[in-house]
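**Student:**
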Amino acid sequence: MLGSSILVTLAAAASAVVASPLDLITRSTPAGTGTNNGFFYSFWTDGAGSVTYNNGAAGSYDVQWSNVGNFVAGKGWNPGAARVVTYNGTWNGASVNSYLSVYGWTRNPLIEYYVVESFGTYNPSSGAQKLGSIQSDGGTYDIYRTQRVNQPSIEGTSTFYQFWSVRQQKRVGGSVTMQNHFDAWAASGLQLGTHNYQILATEGYQSSGSAQITVEQS
863 MLGSSILVTL AAAASAVVAS PLDLITRSTP AGTGTNNGFF YSFWTDGAGS VTYNNGAAGS
923 YDVQWSNVGN FVAGKGWNPG AARVVTYNGT WNGASVNSYL SVYGWTRNPL IEYYVVESFG
983 TYNPSSGAQK LGSIQSDGGT YDIYRTQRVN QPSIEGTSTF YQFWSVRQQK RVGGSVTMQN
1043 HFDAWAASGL QLGTHNYQIL ATEGYQSSGS AQITVEQS
């Protein structure tokens, strides 16, 4: 689960000095959480298939995945807040089971939340009861709540609710006004707790794909 892929680059040096073998090894970011170039990052995988996640400059990251079970990875902030999240990049997940979203957690209550900007072959709200919709940032988002039973969370294996805002007009790039979604969820009876992390996440499920994303706070 925490294994990292190893990329070996053989480069000719300008001088006649032979580099140490250790100088020729670059490791991708291992699964876990941390900070990088002023941003919080989170990379979780269930260990199935292959996922290579790399932190880049400032709020940028890239990820490639192949025949995965499930993974979620991205950059943002800890704690989350009612900020305006601005992002851009490329997401090669439109033809597979993948999401691009503002993703976060709260405690007390334990809530996992998504503001889905784009999804591939599977709409994550499938089978869920629609609680309403909001207009925000040039589009319409549908609101849902689902429950996860005995599933991984920031507090270990737990039972918890997921809050969703799913954009009807899919996009890769723009601004997401989180206050609008928090207010709409509250109006639908969905109460968040104390914010933990909040990232612009790429998620893949039983699929293969890639993404290069840069996030910032407006």
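Counting with this note's numbering, you get residues 863 to 1080 for the letters of the sequence shown. Virtual Cβ for every residue (Gly too), placed ideally from N, Cα, C. Quick caveat, the model's predicted, so the values are computed rather than measured.
(1) For a minimum of 4 consecutive residues, which ranges assigned as the alpha helix (DSSP H) are wholly contained in the segment 1011–1075?
(2) Throw me the rounded Cβ distance for the P986 and Q1053 pair, which I believe falls under 8 angstroms.
(3) Between the segment 1000–1012 and the segment 940–948, do three or more beta carbon pairs fall short of 8 angstroms?
(4) On a Cα-Cα basis, can you pick out the residue from I996, E1065, Y1067 that is closest to Q1100?
(5) Given N959, which residues of its chain have a CB within under 8 angstroms of its CB, disregarding the five upstream and five downstream residues?
(6) Rounded to a whole number of angstroms, what is the C-alpha to C-alpha distance between Q1024 and F1044?
(7) Beta carbon of F933, beta carbon of V947: below 7 angstroms?
(8) Is G951 near T1039, with beta carbons less than 7 angstroms apart?
(9) Rounded to the nearest angstrom, how far is the Cβ of Y923 from that of G936, given a contact under 8 angstroms?
(10) Quick test of your reading: S1080 and S1020, contact by CB under 8 angstroms. State the CB separation rounded to the nearest angstrom.
(11) Looking only at DSSP bridge pairs, what is V964 linked to?
(12) State buried or exposed for I887, treating a residue as buried only when at least 16 other CB atoms are found within 10 Å of its CB.
(13) Mind checking E974: buried by the 16 CB within 10 Å criterion, or exposed?
(14) Span of the beta strand (DSSP E) holding S922?
(15) Relative to the C-alpha of Q991, which residue among E979, S1027, R1033, S980 is closest?
(16) Let me know the secondary structure DSSP gives Y915 once reduced to three states.
(17) Classify T828 as buried or exposed, calling it buried when 16 or more other Cβ atoms lie within 10 Å of its own Cβ.
(18) Nearest to A1030 by alpha carbon, out of V977, A1063, G900?
(19) On a CA-only basis, which of P892, T1064, N929, A1046 is nearest R844? Give me that one, please.
(20) I need the DSSP call for Q1082, collapsed to helix, strand or coil.
**Tutor:** Taking the definition as stated:
(1) 1040–1049
(2) By one-based count along the sequence shown, residue 986 stands at place 124. By one-based count along the sequence shown, residue 1053 stands at place 191. Their Cβ separation, rounded to whole angstroms, is 21 angstroms, which puts P986 and Q1053 out of contact at 8 angstroms.
(3) no
(4) There is simply no residue 1100 to check, as the chain begins at 863 and stops at 1080 in what is shown.
(5) Working through the sequence shown from its first residue, we reach residue 959 at position 97. Hits under 8 angstroms: G982, T983, Y984, G1066, Y1067, Q1068, S1069.
(6) Position 162 of the sequence shown, counted from the start, is the residue given in the question as residue 1024. Position 182 of the sequence shown, counted from the start, is the residue given in the question as residue 1044. Using only the alpha carbons, I get a separation of about 13 angstroms.
(7) The residue you call residue 933 lines up with position 71 of the sequence shown. The residue you call residue 947 lines up with position 85 of the sequence shown. In this structure, V947 does not lie closer than 7 angstroms to F933 by Cβ.
(8) Taking the first residue of the sequence shown as position 1, residue 951 is located at position 89. Taking the first residue of the sequence shown as position 1, residue 1039 is located at position 177. The answer is no: Cβ separation not under 7 angstroms.
(9) On the sequence shown, residue 923 is found 61 positions in, with the first residue counted as 1. On the sequence shown, residue 936 is found 74 positions in, with the first residue counted as 1. Yes, Y923 and G936 are in contact; Cβ-Cβ is about 6 angstroms, under 8 angstroms.
(10) For the purposes of this step, residue 1080 is taken as the residue at position 218 of the sequence shown. For the purposes of this step, residue 1020 is taken as the residue at position 158 of the sequence shown. Not confirmed; about 33 angstroms, so no contact.
(11) Position 102 of the sequence shown, counting from 1, holds the residue named residue 964. Bridge partners of V964: V977, L1062.
(12) Here residue 887 corresponds to residue number 25 of the sequence shown, with the count starting at 1. Since pLDDT at I887 reaches only 32, below the 50 mark, its modelled position is unreliable, and no value is offered.
(13) Walking along the sequence shown from the start, residue 974 turns up at place 112. With 16 or more Cβ atoms within 10 Å of its Cβ, E974 is classed as buried.
(14) Taking the sequence shown and counting its residues from 1, one reaches residue 922 at position 60. Element bounds for S922: 922–928.
(15) For the purposes of this step, residue 991 is taken as residue 129 along the sequence shown, with counting starting at 1. Nearest option by C-alpha distance: S1027.
(16) Position 53 of the sequence shown holds residue 915. Residue state, collapsed to three classes: strand.
(17) Outside the displayed range of the chain (863 to 1080) lies residue 828, so it cannot be described from this structure.
(18) Along the sequence shown, one-based indexing puts residue 1030 at 168. Reading the sequence as shown, one finds Gln at residue 1030 and not Ala. With distances taken between Cα atoms, Q1030 lies closest to V977.
(19) The displayed coordinates of the chain run from 863 to 1080. Any statement about residue 844 would go beyond what the structure contains.
(20) This structure leaves residue 1082 out entirely; the chain is present only between 863 and 1080.
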